[in-house]
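Here's the structure, in structure tokens; my notes come after.
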Amino acid sequence: MNLDFYKKQALQKQKEHKKFLDGLKKKPPKNLDYIVQETHDEVFDEIDCLQCANCCKTTGPLYTEKDIERISKHLRMKSADFEAKFLRVDEDNDKVLQNLPCFFLNSDNTCSIYEVRPKACREYPHTDRKKIYQINNLMLKNTVICPAAFEFVERMMKNIAK
530 MNLDFYKKQA LQKQKEHKKF LDGLKKKPPK NLDYIVQETH DEVFDEIDCL
580 QCANCCKTTG PLYTEKDIER ISKHLRMKSA DFEAKFLRVD EDNDKVLQNL
630 PCFFLNSDNT CSIYEVRPKA CREYPHTDRK KIYQINNLML KNTVICPAAF
680 EFVERMMKNI AK
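Here this note's numbering = 1-based position in the sequence shown + 529.
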């Protein structure tokens with residue numbers, strides 16, 4: 530998977546993608562959630578996240594209190610020890626990873642805590658959510674990081690035009 534290619538494409542198409550996503554927000558088609566789910570499934574039938582893992586290498590998720598409890602329990606650690614070892618508080622006062630790539634990313638791009646991974650990781654790149662237009666800014670950001678998010682927006686443009 531050529532990440533540089535996808536990143537360049539995404540940056541070149543930012544204005545076009547923004548215009549499309551803003552249009553969805555202004556006038557969402559009646560069956561938008563259905564088209565979103567269908568497009569998401571189509572993209573992930575072709576793209577294997579384990580070939581890339583760019584999200585785990587370059588961006589960190591937010592950790593909710595529930596995430597911290599669940600993961601620290603899984604690792605048999607106290608929540609406070611987990612936070613001290615792996616997390617920091619960012620400028621938005623969110624708990625995020627101290628370092629990237631993610632500590633839990635294995636060399637084969639699998640996740641060592643996959644079964645208990647943070648909610649943000651489970652939902653990434655957010656291409657299967659209802660009312661997708663509510664996360665336009667996030668979706669635009671994700672197209673630069675994630676080839677699947679880029680492909681998703683590209684295909685949504687075609688699928689909505691049908």
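For every residue, glycine included, the Cβ atom is placed at its ideal position computed from N, Cα and C.
Assignment of K624 by DSSP, reduced to helix, strand and coil, places it in the strand class.
In the DSSP annotation of this structure, the continuous segment of the alpha helix (DSSP H) that includes R599 starts and ends at 594 to 603. Ranked by Cα distance from K659, the first of N560, E575, N628, G552 is N560. Between the alpha carbons of E567 and N688 lies a gap of roughly 9 Å. Cβ contact annotation for E571 (same chain, cutoff 7 Å, sequence separation greater than five): R684, in chain order.
Counting only the Cα atoms, L669 lies some 17 Å from P590. C-alpha of V673 to C-alpha of N531: approximately 12 Å in a straight line. Here E612 is not near K595, since their CB atoms are 9 Å or more apart. Of the other Cβ atoms in all chains shown, fewer than 16 fall within 10 Å of the Cβ of S636; this residue is therefore exposed.
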